[in-house]
Amino acid sequence: MSSIGFIGLGNMGGGMAANLVKAGHDVTAFDLSEAALARAEAAGCTRAASAAEAVKAVNIVVTMLPAGKHVRAVYGEQLLGAVGPDTLLIDCSTIDVASARAVIEQAAEHGLAMVDAPVSGGIAAANGGTLTFMVGGEDAAFARAEPILQAMGKAVIHAGAAGAGQAAKIVNNMLLGATMVATCEAFALAEKLGLDLQTFFDISSKASGQSWSMTSYCPVPGVGPETPADRDYEGGFANALMLKDLKLAVEAAHGVDASVPMGAAAESLYQALVNAGAGGKDFSSMIRFLKGAAA
Ligand code: NAD
39 MSSIGFIGLG NMGGGMAANL VKAGHDVTAF DLSEAALARA EAAGCTRAAS
89 AAEAVKAVNI VVTMLPAGKH VRAVYGEQLL GAVGPDTLLI DCSTIDVASA
139 RAVIEQAAEH GLAMVDAPVS GGIAAANGGT LTFMVGGEDA AFARAEPILQ
189 AMGKAVIHAG AAGAGQAAKI VNNMLLGATM VATCEAFALA EKLGLDLQTF
239 FDISSKASGQ SWSMTSYCPV PGVGPETPAD RDYEGGFANA LMLKDLKLAV
289 EAAHGVDASV PMGAAAESLY QALVNAGAGG KDFSSMIRFL KGAAA
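First residue of the sequence shown? That's 39 in my numbering, and the numbers climb one at a time after it.
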C-alpha cells in the first residue's frame, strides 16, 4: 500500500481520496476549503496544514484542482520543492495541454516522474470509484500510476506521452459537445415537422444518425433510457463544465492550426446557454435553449 498526498478535495477529489483510503492507502490531504478538509478527514484521510506538508513524506501525489493556473501554481510554488526524490506525481485535473506539458517538464527538471491523468465520469463516478482515466506520460510512470488509479476507477488507459491524457479528454468532449448540439437540434426539428419523438428515437437510434448522445443520453424527457432530461436536467454533466472543456479544445486547436468549426460552434452555443443562467443544468438542456425556451 502506498503513502499518498492528495491536494484538491472538491466535488471530484473528495470521493477519489475516500476511495484511496477504502483501498487501504494512507492518504494525507489538503484543500483550501475547511469544509472539504473536514469531509476528507471523516472519510479517513489525515489532514495537513498545507500542500507542502501533505506531500513531504509520501511516495505518490494526486492532485484534483480546478484549472491549469491552479495546477501550475500548486506544483511550481509548493509541491516540486517539497516532495522526496522518488515521488510519483499524478495530476487528475482537466487542464489545457500546454500547462500539463509545462508542469510535467518542470517536474522532470526536478528529477520527478509525472503523469497527466484526467477523468471521464462525474461526481457519482468519483464517489463510486468508476471513473475512466486517460493517462499521458512515460511507460514507467504509467506502470506506477496504474494501480493507484485503478483504486478510483473502472478503466485506466495509457493515451501516450506527456499531455496525451488531456488531449484525449478534450478531443473526446469536443466530439460529445458537438454531437449533443446536433442531437438536440435534430429532435427540435423532428418535433416541428410533426414527428412523434419516441418514434423518431426508435428510427434514428437504429439508423445512421445514431450517437451516444442520442441512444445513451437522449435529451428528450421520457424518450430512451433514463437520463438527466427526466429530472429537469439536474445532475449529470453541467453546461459550465462542458463549456470549460470546449474552450480547452478550441484553444488547443488554435495552438496547432487545426480547423474545428463544429467544436467552435458548440463552444459559442454552450457559452450562450451558460450566459442565459443555465451553467448548473445538464448539458443535454441545450435542447430547451434551441427550442427557444428560457434556460
Ligand atoms: P471543485 O471546484 O469542486 O474542486 C476543486 C478543489 O480544489 C476545491 O475544493 C478547491 O478548494 C481546491 N483548490 C483550489 N486551489 C487550491 C490550492 N491552491 N490548494 C489546495 N486546494 C485547492 O472542482 P471539481 O468538480 O472537483 O473538479 C476538479 C477537476 O476535475 C476540474 O479540473 C474539472 O474540470 C474536472 N472534472 C470535473 C467533473 C465533474 O463532474 N465535476 C468531471 C470530470 C472532470
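Built from N, CA and C at the ideal position, the CB exists for glycine as well. Computed from a predicted model, the values in this text were never measured in an experiment.
For P104, count the other beta carbons within 10 Å of its own beta carbon; 16 or more makes it buried, fewer makes it exposed. Which is it? P104 counts as exposed, since fewer than 16 other C-beta atoms from the protein chains shown sit within 10 angstroms of its C-beta.
Between A155 and I133, which are expected to be in contact by the criterion C-beta below 8 Å, what is the C-beta distance as a whole number of angstroms? That belief does not hold up - the Cβ atoms of A155 and I133 are roughly 11 Å apart, past 8 Å.
Would you mind sorting K282 into buried or exposed? The rule is 16 or more other CB atoms within 10 Å of its CB. Buried: at least 16 other Cβ atoms inside 10 Å.
Does DSSP classify I133 as helix, strand or coil? Coil, per DSSP.
Measuring from the CB of V153, is there a heavy atom of the ligand NAD at a distance below 7 Å? No - the ligand NAD has no heavy atom lying nearer than 7 Å to the Cβ of V153.
By Cβ distance, which residues of its chain are closer than 6 Å to F239, with the 5 residues on each side in sequence left out? V261 and G262, listed in sequence order.
For T125, count neighbouring C-beta atoms within 10 Å of its own C-beta (all shown protein chains included) and say buried if the count is 16 or more, exposed if not. When all chains shown are included, T125 counts as buried.
For a test of the three-state rule: what should DSSP assign to D270, helix, strand or coil? Here D270 sits in coil by DSSP.
Cα-Cα, which of G106, L150 and A183 is closest to L58? Nearest of G106, L150 and A183 to L58, Cα basis: A183.
Secondary structure of G198, DSSP reduced to three states: Correct three-state label for G198: strand.
In chain order, each beta strand (DSSP E) run of at least 3 residues that lies wholly inside the segment 177–258: Inside the segment 177–258, DSSP marks whole beta strand (DSSP E) runs of 3 or more residues at positions 191–198, from first to last along the chain.
How close, in whole Å, do the beta carbons of V153 and L117 come, if the pair is a contact with beta carbons under 8 Å? 14 Å between Cβ atoms; not a contact.
Could you tell me the distance, in whole angstroms, from the CA atom of S322 to the CA atom of P123? Straight-line Cα distance between these residues: approximately 46 Å.
What is the residue span of the beta strand (DSSP E) that V153 lies within? Per DSSP, V153 belongs to the beta strand (DSSP E) from M152 to D154.
Taking C-alpha atoms, which residue in G215, A189, A200 and K192 lies nearest to A179? Ranked by Cα distance from A179, the options G215, A189, A200 and K192 are led by A200.
Going by C-alpha distance, which of S158, G317, A189 and N277 is nearest Q204? Shortest Cα-Cα distance from Q204 to any of S158, G317, A189 and N277 involves S158.
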